[in-house]
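One structure below.
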Amino acid sequence: MVLHNRDVAEIFEKIAGILEFKGANQFRIRAYQNAARTIGNLSRNVSDLIAEDKDLTQYSGIGKDLAQKIQEIVETGKLKFYDELQTSIPEELNRIMGIPGLGAKKVKAIYDQLHIDNIDDLKKAAHQKQIRDLKGFGPKTEQNIIEGIEEVKEGQKRIKLAIAEEYARPLMAYLKKDKNVKSIDLAGSYRRQAETIGDLDMLAVCKNREAMMKRFAAYEEVQRVVSQGKTRSTVILHSGLQVDLRVVSQKSFGSAMHYFTGSKAHNIAVRKIALKMNLKINEYGIFKGKKYIAGKTEKGIYRTLKMAYVEPELRENQGEIKAAQKGKLPKLITWDDMQGDLHTHTNATDGHDSLERMVEAAKKQGYQYIANTDHSRHLSVANGLDKKRLLKQIKQIDALNKKEKNFTILKGVELDILEDGTLDLPDNILKQLDIVAAAVHYKFTLSEKQQTERIIKAMDNPHVNIIAHPTGRLINQRKPYAVDMQRILKAAKDRGCVMELNAHPDRLDLNAIYCKAAREMGVKIAISTDSHSVDGLALMRYGIGQARRGWLEANDVINTHSVRSVKTLLKRA
Ligand code: DGT
Ligand code: CA
Ligand code: CA
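Sequential numbering from 622 applies to the sequence shown in the working numbering.
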């Protein structure tokens, strides 16, 4: 069985959860959380690194003990320490901690106060409205628990795009190695860069179909072959992810890519257009009566239907069809457009790498600038900066900038918005910064009105120029807090404030729909990785995928501009 970074990261996350449940030392818990994050963000497979005898302690947050644990996982597929830890708490609690929106702290509160240690009792208690009265809980959390239980019971959780990528890439590489394959590509929600993926859809053209299907079924990560035919096979990988492979003829590759890329809603709308032109469209091509007239390429499909080519990320039937007919599609942003990263952390707070290393990594990325936005003091678990430490950092950056020629370090902070909408640091320090990215990090359960007004009040301070991860959601883990996004966008527009699209694949916040709304209102976006290590900078690609789903062009995004323009764009009117 092949081991993915994700598998190691997950074990460490679970260890952190159990330790937290058991009330272990915060530093110990964070060590595992940090290690999970480091491993999850590595650009190379950790088994390969071990096979090459690389020293894992060179990675931030990985000490000798953790390196040894990783080695054990890679070599044996499990970790004795984790197995023992698991048996030290009631069995089903492990599953309960996996329920979206719950987490170790809440599970502990429920266990301590209601003595609940299994899912059935939890469900009963939630339906009987017993959960809402516990301290730190409310009707909303209770509802989330009910929904979360359904998801866990169905056992068919959609997985995050970044995780799907970990499985899709090696599988593609494996299939591509076969000389028999002429072309192969991924379609479906994966190609549309959706936030979460139900299953993978692959399409191939090859010389020998049977050989292709055999090779697919023989892939070492296949746990079960659900069906194996001449043109279509379905397998389940060890991770539980389903993969569909279809083999088509060269003549139909474009139309099949179009059909299986979807979305279903886009397909249905396209079919209507074909019908109006008296044409028939399906996965084999476009036909006039019985005559095949297009299908080899996707471009040819759209051309035949008198539409501009629609990028996969736009295919959600959200207005792209009309825009394509009128030639009014946006020219979507690409990673090449990006000139810098505006939200990053260093080891001065909860990041793993020094400012100098982050700067080097940004240069390697081809950027002109990076903003250092470490946490502010209220976020004590992240060792947030108080005024004195932030002043020290400002001096450090000034000194570094003096030595730089074609690169700029922007001075910033990720500033906590306190419960009443006031800010965590005083104006006389904020005014010395280029970037104040204000963020909500606690009190997620305020009412929609309170939360909205809290954020707008923060924007009333003219030093605040970005709202970071504006809805606070963690995909599959934590729902967004309640906010009236329309009101927030309007307030941002009025004040010249920028909204962040946090590129971390767990966040992707703003989501695509809000990005599109922001663009339509003329609110500018900053796409930022929220990097906690040098490896994090590469997460930009997920932000770009999401931005494209949100119809963003380079000009809608401030960090596509030169450092001088960015500084101007950040200045509030
Ligand atoms: P997923 O897998 O849930 O993340 O989402 P998709 O979009 O990958 O959906 P999937 O795997 O069920 O099907 C792949 C594509 O095939 C889908 O995006 C559009 C196309 N498709 C599937 N079923 C239908 C259908 O009933 N009608 C039409 N027009 N297209 C369909
Ligand atoms: Ca799919
Ligand atoms: Ca499918």
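Every residue, glycine too, gets a C-beta built ideally from N, C-alpha and C.
These numbers come from a predicted model, not from an experiment.
Exposure of residue i, with buried meaning 16 or more beta-carbon neighbours within 10 Å
{"i": "residue 1063", "result": "exposed"}
{"i": "residue 1008", "result": "exposed"}
{"i": "residue 1047", "result": "exposed"}
{"i": "residue 930", "result": "exposed"}
{"i": "residue 1154", "result": "buried"}
{"i": "residue 861", "result": "exposed"}
{"i": "residue 1137", "result": "buried"}
{"i": "residue 664", "result": "exposed"}
{"i": "residue 1045", "result": "buried"}
{"i": "residue 1109", "result": "buried"}
{"i": "residue 696", "result": "exposed"}
{"i": "residue 810", "result": "buried"}
{"i": "residue 1181", "result": "buried"}
{"i": "residue 816", "result": "buried"}
{"i": "residue 1027", "result": "exposed"}
{"i": "residue 661", "result": "buried"}
{"i": "residue 1082", "result": "buried"}
{"i": "residue 1024", "result": "exposed"}
{"i": "residue 642", "result": "buried"}
{"i": "residue 1278", "result": "Residue 1278 falls outside the range modelled here, since the chain spans only 622 to 1194, and no answer is possible."}
{"i": "residue 991", "result": "buried"}
{"i": "residue 668", "result": "buried"}
{"i": "residue 659", "result": "buried"}
{"i": "residue 571", "result": "Since the first and last residues shown for the chain are 622 and 1194, residue 571 lies out of range."}
{"i": "residue 886", "result": "exposed"}
{"i": "residue 649", "result": "exposed"}
Option nearest residue i by Cα separation, candidates the options
{"i": "residue 1107", "options": "814, 1070, 1083", "result": "1070"}
{"i": "residue 829", "options": "808, 868, 821", "result": "868"}
{"i": "residue 801", "options": "827, 754, 817", "result": "827"}
{"i": "residue 975", "options": "959, 1017, 1121, 947", "result": "1017"}
{"i": "residue 927", "options": "939, 917, 934, 947", "result": "947"}
{"i": "residue 701", "options": "689, 712, 711", "result": "689"}
{"i": "residue 1013", "options": "633, 661, 995", "result": "995"}
{"i": "residue 638", "options": "705, 677, 728, 666", "result": "728"}
{"i": "residue 1157", "options": "967, 945, 871, 746", "result": "967"}
{"i": "residue 965", "options": "1085, 1181, 1151, 1036", "result": "1151"}
{"i": "residue 850", "options": "941, 836, 1020, 859", "result": "836"}
{"i": "residue 863", "options": "708, 932, 780, 815", "result": "780"}
{"i": "residue 763", "options": "748, 1175, 783, 936", "result": "748"}
{"i": "residue 628", "options": "642, 685, 693", "result": "693"}
{"i": "residue 687", "options": "1097, 723, 632, 731", "result": "632"}
{"i": "residue 1122", "options": "913, 1171, 725, 834", "result": "1171"}
{"i": "residue 612", "options": "804, 815, 1160, 725", "result": "The chain is shown only over 622 to 1194; residue 612 falls outside these bounds and no answer can be derived."}
{"i": "residue 1103", "options": "1084, 1074, 1113, 1085", "result": "1074"}
{"i": "residue 1050", "options": "1034, 1043, 984", "result": "1034"}
{"i": "residue 814", "options": "761, 770, 932", "result": "932"}
{"i": "residue 1056", "options": "767, 909, 1160, 1184", "result": "1184"}
{"i": "residue 875", "options": "941, 821, 913", "result": "913"}
{"i": "residue 720", "options": "734, 765, 745, 684", "result": "765"}
{"i": "residue 1080", "options": "1038, 797, 1053", "result": "1038"}
{"i": "residue 1078", "options": "1139, 1118, 1053", "result": "1118"}
is_contact[residue i, chain D] using C-beta, thresh 8 Å
{"i": "residue 1057", "result": "Chain labels in this structure do not include chain D; a single protein chain is all it has."}
Are the segment 947 to 959 and the segment 890 to 910 touching by the rule of at least three beta carbon pairs closer than 8 Å? no
At which residue ranges does the segment 974 to 1047 contain complete beta strand (DSSP E) runs of 3 or more residues, listed in the order of the chain? 990 to 996, 1029 to 1037
Inter-stretch contact (C-beta, 8 Å, three-pair minimum) for the segment 1144 to 1153 and the segment 913 to 927: no
Can you list the beta strand (DSSP E) stretches of 3 or more residues lying completely in the segment 675 to 742, in chain order? none
Kindly provide the chain-ordered list of residues whose Cβ lies closer than 6 Å to any non-hydrogen atom of ligand 3. 809, 820, 822, 865
Any beta strand (DSSP E) of 3 or more consecutive residues that is wholly inside the segment 1124 to 1183: 1146 to 1149
Would you check if the segment 751 to 758 and the segment 784 to 798 touch, i.e. whether three or more CB-CB distances between them fall below 8 Å? no
What residue ranges within the segment 777 to 802 form continuous beta strand (DSSP E) runs of no fewer than 3 residues, ordered along the chain? none
Check whether the segment 961 to 977 and the segment 1000 to 1014 are in contact - that is, three or more C-beta pairs closer than 8 Å. yes
Say whether the segment 840 to 854 touches the segment 887 to 897, bearing in mind that this needs 3 or more beta-carbon pairs closer than 8 Å, one atom from each stretch. no
Evaluate contact between the segment 840 to 847 and the segment 875 to 892, counting only Cβ atoms and requiring at least three cross-stretch pairs below 8 Å. no
Would you list, in sequence order, the uninterrupted alpha helix (DSSP H) runs of no fewer than 4 residues that lie entirely inside the segment 908 to 982? 919 to 925, 941 to 947
Closer than 8 Å is the cut-off here; do at least three beta carbon pairs connect the segment 1086 to 1104 with the segment 1054 to 1068? yes
Hey, which unbroken runs of the beta strand (DSSP E) at 3 residues or more fall wholly within the segment 1061 to 1132? 1119 to 1123
For the segment 730 to 740 against the segment 709 to 722, do three or more pairs of beta-carbon atoms, one drawn from each stretch, fall closer than 8 Å, so that the two count as touching? yes
Evaluate the contact criterion for the segment 676 to 684 versus the segment 1166 to 1178: three or more CB pairs, one atom per stretch, below 8 Å. no
Could I get the ranges of all uninterrupted beta strand (DSSP E) runs contained in the segment 850 to 888, with 3 residues as the minimum, in chain order? 853 to 858, 863 to 868
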